[in-house]
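Undergrad:
In the numbering used here, the protein residues as written are -8 to 247.
Structure representation (C-alpha cells):
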C-alpha cells in the first residue's frame, strides 16, 4: 500500500473520502477526532496506535473490518471521545484493537463501556514501566525529540529490516512532523500511572485475543501482563514490537 493510503490515515480531517458514508461522520471533541473509513464490511474495528506513532502505522493492515481511527496522536484515555463518536453516529457496538499504549486506552474504554465492545484485540502490551524508564524517556524527548523517536522506532523494528525500510522511507518523516512533544510526555505519564492488570477485567462477549512478538525489545515477553486462564494468547514467532506487520498476525487473527 502506498503513500496515498498513508496520507488518509495521517490527516483524515482533510480527506473527505476517508470519512465517507451517509450515516457516519467525523467527530471532534476538543483536540481528539475520530474518522470512519468504510471498507465495505459488516463490522467496524477501532485502531489505537502506540506511543510515538500516528494511526498511519496501521496503513498496511488488511483485516475484514471497516476502520475507525483517531485523526492523530493519542496520549491517554480516549473513552469519552470514542463514546461520543459512537453515539453521534448510531454505532451500537465496535471491535477494538489497541497496540502498546493504545492497548491501555482500549482497556480503559472497555472497562468503562463493556456493553459497547464486541471483541478486543491487545497487541504488544507490557505490565508496567518503571519510574526510572519513564523519567529517562521524558528526558530524552525533552533533550532531542526527533532523536529519541528515531531510537525508539529502531528498537520497535529490531529484526525487521524490510518493514523498517518501508517505515523509514514512506512514513517516518511525516509521522514525526505530526507528533506533539507535549503529547509524547503526556503519553509517558499515562503509562506511568496505568499499569496493566488483565486479570481484573472480564472478557468481552466476542472474546479477547492477546498478541505478542517473541522478540519484542520494548515489551519483552516476560513483561507481559498476567492472563486469566482461557484467554487466547497468540505468539508471533520472531516478531518484535510491531507484530501486525507479520503475515502470521493476519492469519491467526480471529474475527468474532
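All residues carry an ideal CB built from backbone N, CA and C; glycine is no exception.
1) Helix, strand or coil for residue 163? Go by DSSP, reduced to three states.
2) Report the three-state DSSP secondary structure of residue 205 (helix, strand or coil).
3) Could you say if the region 68 to 77 and the region 149 to 167 meet the contact criterion of at least three C-beta pairs nearer than 8 Å?
4) Could you tell me the distance, in whole angstroms, from the CA atom of residue 128 to the CA atom of residue 240?
5) Determine the direct distance from the alpha carbon of residue 112 to that of residue 45, and round the result to whole angstroms.
6) Using a Cβ-Cβ distance cut-off of 8 Å, determine whether residue 243 contacts chain C.
7) By DSSP, does residue 24 sit in helix, in strand, or in coil?
8) Tell me which same chain residues have a C-beta within less than 8 Å of the C-beta of residue 142, skipping the five on either side of it?
9) Which one of 91, 184 and 172 has the shortest CA to CA distance from residue 135?
10) Taking all protein chains shown into account, decide if residue 195 is buried (16 or more other Cβ within 10 angstroms of its Cβ) or exposed.
TA: Reading from the atomic positions:
1) Residue 163: helix per DSSP, three-state reduction.
2) coil
3) no
4) 29 Å
5) If you take the alpha carbons of residue 45 and residue 112, they lie about 18 Å apart.
6) The chain inventory of the structure shown lacks chain C, comprising one protein chain alone.
7) strand
8) 131
9) 172
10) Flag for residue 195 reads buried.
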